[in-house]
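Novice:
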Amino acid sequence: MADFVSAAQAATEAMRGVFPPTPLARNDYLSDRFGADIWLKREDLSPVRSYKIRGAFTAMRKRLEAAPDQRQFVCASAGNHAQGVAFACRHFGVQGTIFMPVTTPQQKIMKTRSFGGDRVEIRLVGDIFDQSLAAAQEFCRMAGAHFLAPFDDDDVIEGQASVAVEMLDQLGSAPDMVVLPVGGGGIGAGVTRYLRAAGIETALRYVEPAGGASLRAALEAGEPTRLARVDSFVDGASVAMIGARTFSALRSTSPAHVLVAPENRICITMLDMLNVEGIVLEPAGALALDVLPQLVADIEGKRVVCLTSGGNFDFERLPEVKERAMRYQGVKKYMMLRLPQRPGALRDFLEILGPEDDIARFEYLKKTARNFGTVLIGIETTRPENFDGLFARMTAQGLIYTDITEDEVMAGFVI
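Encoded structure:
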């Protein structure tokens, strides 16, 4: 265990020639809101706006120390890991081949290319990550390149542990609790291993997106288990199966200490931090903050460090984030409404609306009969309880409607 502490400290020192420690700052807004002393470890302010640079840099450095003639590296990623690998390739002057799905947003491709410059080649292969991964691994076998795993690698875990090294140095002592996001488990494993190896008993809480709770599934099964379905919205933490090495470091975790954050609720947290604090977080970067309301009883009066793991947010996604947040708050709903096909029918419906209700979408979809038409209607309001009154008035008027807001299949098709 002492070896891991020394290795993580050496990894941290090696990074100082490339980038300074990310800030650890007390957040007055969150501290006042939750009655605790809350600090944010701002990994969203690293050179690539995520902690992934730590693992990529450390794994590449150690490979080059062991095999100086290794000049070609490969990874598969559609996000932060790709950018960390690209940055490291440019720093060490080696060649990198980065495999990404064809569906990767241009913004992420451009950022990866800008970090790597002429040291990286980006290959777009497959529609999903697993296809890109298979192509990357096949390329490694053919070209004799070295594969840099995004999380399930001992050197990557060692690099991610540098977050804990910096945190303790910056804070001056151990906090009462650390809240960590979990995707593949790299940052969770690194920080957990370092604190426990150093004999520090700080309480740890782990947060997964509801649509990618791979750590919880592994703890229930006693081993890494592939999820049947993954919601990709929290793309930085949407992993179908936690790594074998990362799970080894986390297998003693109590299931009660693994919290699940609904994707739409995360959007509220992202907007709150953007509007109140001016902090831009990607969905995965907001995970540790999103569960603070659930931890109020555990953190009151205590010093808590939350890891904001990434800030690579494409603002083209902002309308979707706002939409998801409003739906979770219950102030926006979608309905399929059967409306009479007669003059004045729309006017009559508008008179049913309350003073705080607003039509955000109105679209005829299909005439189900000569005298009736089906309408998709979206309504925004200021308070969730306003919908109780609206629905009561609609029923009293004999209107037939179906609330499809929470119907995943229907909403995904028409919204």
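Per the working numbering, the very first residue in the sequence shown carries number 1; after that it's consecutive.
For glycine and all other residues, C-beta sits at the position ideal for the given N, C-alpha and C.
Just so we're clear, the structure is a prediction, and the values are computed from it rather than from any experiment.
Hey, L376 and R361: beta-carbon distance below 8 Å or not?
Specialist: Locating residue 376 in the sequence shown gives position 376, where the first residue counts as 1. Locating residue 361 in the sequence shown gives position 361, where the first residue counts as 1. Yes, the pair counts as a contact, with Cβ atoms nearer than the cut-off.
Novice: Who are the near neighbours of Y499 in its chain, counting only those whose CB is closer than 6 Å to its CB and skipping five residues on each side?
Specialist: The structure shown does not extend to residue 499, since the chain is modelled only from 1 to 415, so the question has no answer here.
Novice: Taking only three categories from DSSP, how would you classify I242?
Specialist: Sequence index remark: in the sequence shown, residue 242 carries index 242 (1-based). It is coil, neither helix nor strand.
Novice: Using the C-alpha atoms, what's the distance from F92 back to A78?
Specialist: Counting from one through the sequence shown, the residue named residue 78 turns up at place 78. Counting from one through the sequence shown, the residue named residue 92 turns up at place 92. Their backbone Cα atoms lie some 22 Å apart in a straight line.
Novice: Can you find a CB in chain B that lies within less than 8 Å of the CB of A244?
Specialist: In the structure shown, chain B cannot be found, because there is only a single protein chain.
Novice: Sort out for me which residues DSSP pairs L180 with in a bridge.
Specialist: Against the sequence shown, residue 180 aligns to sequence position 180. Answer is Y206.
Novice: Quick check on DSSP: helix, strand or coil for Q483?
Specialist: Summary: the structure shown does not reach residue 483, with the chain confined to residues 1 through 415, and so no result is reported for it.
Novice: Taking 8 Å as the cut-off, does the segment 249 to 257 touch the segment 201 to 214 (at least 3 CB pairs, one atom from each stretch)?
Specialist: Yes, the segment 201 to 214 touches the segment 249 to 257.
Novice: Measure the beta-carbon distance from M177 to L24 and round it to whole angstroms, keeping in mind my assumption that it falls under 8 Å.
Specialist: By 1-based counting over the sequence shown, the position of residue 177 is 177. By 1-based counting over the sequence shown, the position of residue 24 is 24. Rounded, the Cβ-Cβ distance is 14 Å, inconsistent with contact.
Novice: Which residue from A213, A261 and C89 puts its Cα closest to that of T112?
Specialist: Numbered from its first residue, the sequence shown carries residue 112 at position 112. Checking every option, the nearest Cα to that of T112 belongs to C89.
Novice: Decide yes or no for the touch test of the segment 47 to 54 against the segment 130 to 142: beta carbon pairs closer than 8 Å, at least 3 of them.
Specialist: In short, these stretches do not touch, since the Cβ pair count stays below three.
Novice: Opposite P340 in the DSSP bridges: which residues?
Specialist: To locate residue 340, count along the sequence shown from 1; it is residue 340. Note: P340 sits in a beta bridge opposite F372.
Novice: List the residues that DSSP assigns as beta-bridge partners of Q95.
Specialist: If you number the sequence shown from 1, residue 95 lands on position 95. Q95 pairs with Q72.
Novice: Can you tell me whether A261 is helix, strand or coil according to DSSP?
Specialist: As a position in the sequence shown, residue 261 is number 261, starting the count at 1. Strand at A261.
Novice: Quick one: what's got a C-beta closer than 7 Å to A103's C-beta in the same chain, skipping five residues either side?
Specialist: The count along the sequence shown starts at 1 and reaches residue 103 at position 103. A quick correction: the sequence has Thr, not Ala, at residue 103. The answer, listed in chain order, is D127.
Novice: Where does V230 sit, in a helix, a strand or coil, going by DSSP?
Specialist: Position 230 of the sequence shown, counting from 1, holds the residue named residue 230. In the structure shown, V230 sits in coil (DSSP, three-state: anything other than H, G, I, E or B).
Novice: Looking at the unbroken alpha helix (DSSP H) that takes in A218, where does it start and where does it end?
Specialist: Here residue 218 corresponds to residue number 218 of the sequence shown, with the count starting at 1. A218 -> alpha helix (DSSP H) spans S214 to A221.
Novice: When you compare the CB positions of I268 and V234, do they come within less than 8 Å of one another, or not?
Specialist: Residue numbering aside, residue 268 sits at position 268 when the sequence shown is read from its first letter. Residue numbering aside, residue 234 sits at position 234 when the sequence shown is read from its first letter. Contact: no.
Novice: Pick helix, strand or coil for S424, following the three-state DSSP scheme.
Specialist: Because the chain in this structure spans residues 1 to 415, residue 424 falls outside the shown range and cannot be described.
Novice: Can you give the Cα-Cα distance for G184 and V239, rounded to whole angstroms?
Specialist: Taking the first residue of the sequence shown as position 1, residue 184 is located at position 184. Taking the first residue of the sequence shown as position 1, residue 239 is located at position 239. Approximately 6 Å, taken between the alpha carbons.
Novice: Three or more C-beta pairs under 8 Å: does that hold for the segment 332 to 348 against the segment 370 to 390?
Specialist: Segments in contact, yes.
Novice: State the start and end residues of the unbroken beta strand (DSSP E) segment that holds I122.
Specialist: Taking the first residue of the sequence shown as position 1, residue 122 is located at position 122. Residues V120 to L124.
Novice: Is there contact between the segment 30 to 47 and the segment 207 to 224, where contact requires at least three CB pairs shorter than 8 Å?
Specialist: Cβ pair count under 8 Å is below three, so no.
Novice: Give the DSSP-derived three-state secondary structure of T402 in the structure shown.
Specialist: In the sequence shown, residue 402 corresponds to position 402, counting from 1. Strand.
Novice: Between R303 and Q329, what straight-line distance do the alpha-carbon atoms span, to the nearest angstrom?
Specialist: Position 303 of the sequence shown, counting from 1, holds the residue named residue 303. Position 329 of the sequence shown, counting from 1, holds the residue named residue 329. Each residue's alpha carbon lies about 29 Å from the other.
Novice: Rounding to the nearest angstrom, what Cα-Cα distance links T395 and L346 in this structure?
Specialist: Residue 395 sits at position 395 when you count from the first residue of the sequence shown. Residue 346 sits at position 346 when you count from the first residue of the sequence shown. If I take the Cα positions, the gap works out to 16 Å.
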